[in-house]
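A.B. asks: My numbering puts the first residue of the sequence shown at 405, with every later residue one more than the last.
Glycine is no exception: its CB is placed at the ideal position from the N, C-alpha and C atoms.
Just so you know, these numbers come straight off a predicted model, no measurement behind them.
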Amino acid sequence: PLSDIFYINITENKLSQRLPNALIIGIGKGGTRAALVSISRHPMVRACSREVHFFDHQENYQLGLDWYQNQMPLSLKNHITIEKTPAYFITEDAPRLVYKMSPSVKLLVAVRDPTVRAISDYAQLYEKSHGELRPFEEYVTRDSQHQVLETRRSMVTSGIYVKHLKKWMEYFPLEQIHFINGKELVKNTVHEMQSVENFLGLEPFIDETLYYFNETKGFPCLVPAPQMNGEQPDSGCLSEAKGRPHPLVDEDVVTLLRDFYRPFNEEFYSAVGKNYGWP
Ligand code: A3P
405 PLSDIFYINI TENKLSQRLP NALIIGIGKG GTRAALVSIS RHPMVRACSR
455 EVHFFDHQEN YQLGLDWYQN QMPLSLKNHI TIEKTPAYFI TEDAPRLVYK
505 MSPSVKLLVA VRDPTVRAIS DYAQLYEKSH GELRPFEEYV TRDSQHQVLE
555 TRRSMVTSGI YVKHLKKWME YFPLEQIHFI NGKELVKNTV HEMQSVENFL
605 GLEPFIDETL YYFNETKGFP CLVPAPQMNG EQPDSGCLSE AKGRPHPLVD
655 EDVVTLLRDF YRPFNEEFYS AVGKNYGWP
């Protein structure tokens, strides 16, 4: 009877927590939070607001997929559930573990000039250290003249995108990985986010009416949703931790980093079929 069909429909499509069918896996400091917050404005997207660190923290992974699923927001069957933990991208075993969860999960990676990324990473660590951290030039080099790069530092190795990408490509075809251009995400947010929307197979929703440029923040922000309780809406901008001022870095050390990354960048461009033009 018709009532049975109706019953099946509502029970099958009830609100529940589901494993993600999309993941923002990196790159830390590439614009991952901005991308997540933006895409979660889409009515068919349900985003996990915190970084769950399931595939990169052993103590979480051992809690099992049920635990991971329990961290997810409520969604309907046709919603896209998305989680972002930027550390996944650089975690050796993450590609295998993500594949084990779901070979069809869609992967998103926000990329940014690796030299600028390293400086952004440093700015974050510096803040966390309450100003106790050695200057950038010292931190990323081995010698007092700052002429030899400390290539074992994760702040440096994280920027070898092609090395990490190759691990993911052992499990996932490139068509299943979408690269968000971190620079364009700031300069051309609507266009960059529309390609994310398109990659996720979502109906077009994102357009310029969702954003405004906040002069104080110096970044595009989301037009805040009106408050029901008469309270002042927030700015719709990301927190102060996003868009920190960068330290002024010695030009020679910048050159050292640029020279180090150049061949890896070239290899990355070939692998993804796009030249990002990082200096
Ligand atoms: P900076 O702090 O170096 O400027 P992540 O979220 O992956 O840690 O990335 C942080 C970076 O996102 C920031 O790096 C900032 O440049 C970038 N970003 C992109 N769009 C932004 C936005 N709308 N508001 C603030 N930061 C944004």
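Could you tell me how far apart the beta carbons of residue 435 and residue 514 are, in whole angstroms, since I believe they sit closer than 8 Å?
C.D. replies: With 8 Å as the limit, residue 435 and residue 514 qualify as a contact, their Cβ atoms being about 4 Å apart.
A.B. asks: Pick out whichever of 493, 431, 423 has its Cα sitting closest to the Cα of residue 481.
C.D. replies: The shortest Cα separation from residue 481 among 493, 431, 423 belongs to 423.
A.B. asks: Relative to ligand 1, is the shortest distance from any of its heavy atoms to the C-beta of residue 436 smaller than 7 Å?
C.D. replies: Yes, ligand 1 has a heavy atom inside 7 Å of this Cβ.
A.B. asks: Taking 7 Å as the cut-off, does the CB of residue 625 come closer than this to any heavy atom belonging to ligand 1?
C.D. replies: Result yes, Cβ under 7 Å from ligand 1.
A.B. asks: Residues in its own chain within less than 6 Å of residue 451 by CB, not counting five upstream and five downstream?
C.D. replies: 440, 444, 486.
A.B. asks: Apart from the five residues on each side of it in sequence, which residues of its chain come closer than 8 Å, Cβ to Cβ, to residue 456?
C.D. replies: Closer than 8 Å at the Cβ level, and outside the excluded window around residue 456, lie 464, 472, 475, 487, 489.
A.B. asks: Quick check for students: name the residue ranges of the alpha helix (DSSP H) that lie wholly in the region 465-518, counting only runs of 4 or more.
C.D. replies: You should have 468-474, 498-505.
A.B. asks: Considering only their Cβ atoms, is the gap separating residue 594 from residue 615 smaller than 8 Å?
C.D. replies: Result yes, Cβ atoms of residue 615 and residue 594 sit closer than 8 Å.
A.B. asks: Tell me whether the beta-carbon of residue 431 lies closer than 8 Å to the beta-carbon of residue 562.
C.D. replies: Yes, the pair counts as a contact, with Cβ atoms nearer than the cut-off.
A.B. asks: Any chance you could list the alpha helix (DSSP H) runs of at least 4 consecutive residues sitting entirely within the region 591-625, in chain order?
C.D. replies: The region 591-625 contains these whole alpha helix (DSSP H) runs: 593-603.
A.B. asks: Any heavy atom of ligand 1 inside 7 Å of the beta-carbon of residue 650?
C.D. replies: At least one heavy atom of ligand 1 is nearer than 7 Å to the Cβ of residue 650, so yes.
A.B. asks: Rounded to whole angstroms, what is the Cα-Cα separation between residue 529 and residue 651?
C.D. replies: So the two alpha carbons sit approximately 12 Å from each other.
A.B. asks: Kindly identify the DSSP beta-bridge partner or partners of residue 684.
C.D. replies: Examination of residue 684 is not possible in this model, given that the chain is present from 405 through 683 alone.
A.B. asks: Could you say if the region 492-505 and the region 563-577 meet the contact criterion of at least three C-beta pairs nearer than 8 Å?
C.D. replies: Touching, yes.
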